[in-house]
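Okay, so the sequence shown: first residue is 13 according to the numbering used here, each after it adds one.
In this text, a Cβ means the ideal position worked out from N, Cα and C, and glycines have one as well.
Written out below as structure tokens is the structure these notes cover.
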Amino acid sequence: MSGFLFVVPPLVGHINPTVGVAAELAARGHRVAWASADPGLVRRLAGDEAVVFPCAGPVLTGEDGVRPAELRGPEALKFLWERFLVPLAEAMAPGVRAAIGEFGPDVVVADQQAFAGGLVAERMRVPWATSSTTSAEFTFADALAGMPKVADWLDTLLHDLRGRIGDPSGTADPRFSPHLVLAFSTPELVGSGAGDRIRWVGPSMATRPTSADFPWTWLDSARATVLVTLGTANTDVGARFLAECRDALRRRADRVQAVIVDPANVLGANGDLDDLNDMGEKDDKDVLIRSSVPQLPLLERVDAVVCHAGHNTVCEALWHGVPLVVAPIRDDQPVVAGQVVDAGAGIRVRFGRVTAPKLGAAIDAVLHEPGYRAAAERIRTAFRAAGGARAAATHLEELAGATPSKEAP
13 MSGFLFVVPP LVGHINPTVG VAAELAARGH RVAWASADPG LVRRLAGDEA VVFPCAGPVL
73 TGEDGVRPAE LRGPEALKFL WERFLVPLAE AMAPGVRAAI GEFGPDVVVA DQQAFAGGLV
133 AERMRVPWAT SSTTSAEFTF ADALAGMPKV ADWLDTLLHD LRGRIGDPSG TADPRFSPHL
193 VLAFSTPELV GSGAGDRIRW VGPSMATRPT SADFPWTWLD SARATVLVTL GTANTDVGAR
253 FLAECRDALR RRADRVQAVI VDPANVLGAN GDLDDLNDMG EKDDKDVLIR SSVPQLPLLE
313 RVDAVVCHAG HNTVCEALWH GVPLVVAPIR DDQPVVAGQV VDAGAGIRVR FGRVTAPKLG
373 AAIDAVLHEP GYRAAAERIR TAFRAAGGAR AAATHLEELA GATPSKEAP
């Protein structure tokens with residue numbers, strides 16, 4: 013029996029892929045625990061019984077913590093690193109050190125954006141693996157070769173961070189463990205590998221606790237169904253885009269039904285079950301607007317997905333062989349959107365400028381042109397053959413067995 017400590021940021025999309033891996037390790041008899049700045053979120057996603065060591069985290073509210081919606085490109089990257097990723101690592105480091113000391117893991121599994129996991133593990137001489145919940149980092153590293161000033165700036169940030177919370181004499185990039193990198197995708201989507209230590213395990217799919225009470229009888233089997241979602245971190249910028257999606261899909265009501273996820277209620281109707289048949293727009297047989305949905309079960313019933321190109325949403329759609337219309341907003345989303353288009357599994361539109369007619373044309377194409385679905389099915393086959401949570405757990409077991417942990421100096 014080995015012990016595995018998962019170090020994760022307080023982000024749903026980064027925790028979800030590790031839930032299945034942790035469950036698989038626990039089912040094999042191993043000890044599993046988490047270190048996170050949001051223990052409640054981990055328990056909501058992994059189950060109330062999850063062992064979670066609390067860490068501090070940066071304040072994500074107020075002027076200092078909220079990224080301005082208009083930030084794009086280099087300025088968005090600068091904000092992400094200087095105002096979130098580096099402060100998160102510094103804040104989490106004491107909690108991670110305490111968790112390693114108390115739990116005694118054989119392996120630390122550090123999310124690619126939870127730098128404290130890798131840096132503290134390196135300092136405490138504990139083997140660590142990277143959990144890469146987005147494949148964008150692999151291509152981003154290649155892109156930096158053409159942006160030497162950006163590469164130097166990032167190197168300086170990481171070097172200084174290592175000096176504060178890690179081993180000053182260490183050399184490992186906390187985004188890429190020298191021991192093992194688990195990539196929750198496959199080359200059929202990403203396009204190429206990124207070194208011998210990368211293990212392409214495909215999406216980690218696991219049953220998730222959900223409180224979404226979805227009206228399954230509303231779905232009309234005689235029409236195609238389209239899911240529209242912008243994930244959990246884009247509610248501040250989604251109003252215009254969701255409205256355009258609603259308009260485009262209503263114009264196709266004779267042949268298309270839509271489910272729109274609107275957690276911030278920016279469209280003015282969340283379609284609560286108690287009101288579905290009583291109030292105007294909420295009694296809509298063509299567009300169902302919900303604050304949340306049981307996404308994995310719903311993907312078994314939809315024919316296309318319109319989304320922000322978040323890595324989790326894209327991989328979950330392609331796991332089900334569903335083609336996409338992708339409208340990337342920021343961060344890794346443009347890279348993931350490019351992967352979808354290059355793989356032939358979807359169409360990219362401009363989030364900030366696309367209109368209902370252009371959205372409608374893109375939706376029509378992925379629904380009716382067979383090439384998109386064929387590409388999505390090809391990726392679905394590769395994803396399911398990669399092994400997912402079971403394969404990831406096996407790689408972690410091998411690391412635990414091959415490199416026993418050492419006590420901190």
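Exercise for review: State yes or no: is the C-beta of R56 nearer than 7 Å to some heavy atom of the ligand HEM?
Suggested key: What this structure holds is no ligand at all, so the ligand HEM is not there to describe.
Exercise for review: Taking I375 as part of the beta strand (DSSP E), name the residues at either end of that continuous run.
Suggested key: Here I375 belongs to no beta strand (DSSP E); instead the alpha helix (DSSP H) covers A368 to H380.
Practice item. Take T198 and list the residues in its own chain whose beta-carbon comes closer than 7 Å to its own, dropping the five residues that flank it on each side. Key: Cβ neighbours of T198 beyond the five flanking positions: W212, G214, A394, F395 and A398.
Exercise for review: Could you check what DSSP says for P21 in three-state terms: helix, strand or coil?
Suggested key: In the structure shown, P21 sits in coil (DSSP, three-state: anything other than H, G, I, E or B).
Review point. Alpha carbon to alpha carbon, what distance is there between R392 and L17?
Key: Each residue's alpha carbon lies about 30 Å from the other.
**Study point:** Environment of D123 [buried if 16+ CB atoms lie within 10 Å]
**Key:** D123 should be labelled buried.
**Study point:** From P106, W331 and P22, residue whose alpha carbon lies closest to that of E312
**Key:** The shortest C-alpha separation from E312 is found at W331.
Exercise for review: Go through its chain and collect everything with a Cβ distance to Q125's Cβ below 7 Å, but skip five positions before and after it.
Suggested key: Beyond the five residues adjoining it in sequence on each side, Q125 comes within less than 7 Å, by CB distance, of P21, H26 and L97 in the same chain, given in chain order.
Review point. So the beta strand (DSSP E) P66 belongs to, where does it begin and stop?
Key: Annotation for P66: the continuous beta strand (DSSP E) segment containing it runs V64 to P66.
Exercise for review: Just confirm the distance between the C-beta atoms of L371 and A260, as a whole number of angstroms; I'd bet it's less than 8 Å.
Suggested key: So it is a contact: roughly 4 Å between Cβ atoms.
Check your understanding: If we call anything under 8 Å between Cβ atoms a contact, is C319 one with V338?
Key -> Taking 8 Å as the cut-off, the beta carbon of C319 is found closer than this to the beta carbon of V338.
Exercise for review: May I ask which residues mark the beginning and end of the alpha helix (DSSP H) holding G4?
Suggested key: The requested residue 4 does not occur in the structure, where the chain is confined to residues 13 to 421.
Check your understanding: Roughly how far, in whole angstroms, is the beta-carbon of V268 from the beta-carbon of V238, given that I think they are within contact range, below 8 Å?
Key -> Yes, they are in contact, since the Cβ atoms of V268 and V238 sit about 6 Å apart, within 8 Å.
**Study point:** Whole-angstrom distance between P29 and A403, CA atom to CA atom
**Key:** Spanning the alpha carbons of A403 and P29 requires a straight line of approximately 13 Å.
Point to revise | Neighbourhood of A68 by C-beta, 8 Å cutoff - its chain only, sequence neighbours within 5 removed | key: Residues of the same chain with a CB within less than 8 Å of the CB of A68, apart from the 5 flanking positions on each side, are A49, A103, M104, P106 and G107 in chain order.
Exercise for review: State the start and end residues of the unbroken beta strand (DSSP E) segment that holds G358.
Suggested key: Start and end: G358 to R360.
**Study point:** Residue nearest to T146 in terms of C-alpha spacing, selected from R263, V378, D232 and V348
**Key:** Among R263, V378, D232 and V348, the Cα nearest to that of T146 is on V348.
**Study point:** 6 Å Cβ shell around P353 - same chain, five flanking residues per side excluded
**Key:** Sequence inspection shows Val at residue 353; the Pro mentioned does not correspond to that position. In chain order, R360 place their CB closer than 6 Å to the CB of V353, counting only its own chain and leaving out the 5 sequence neighbours on each side.
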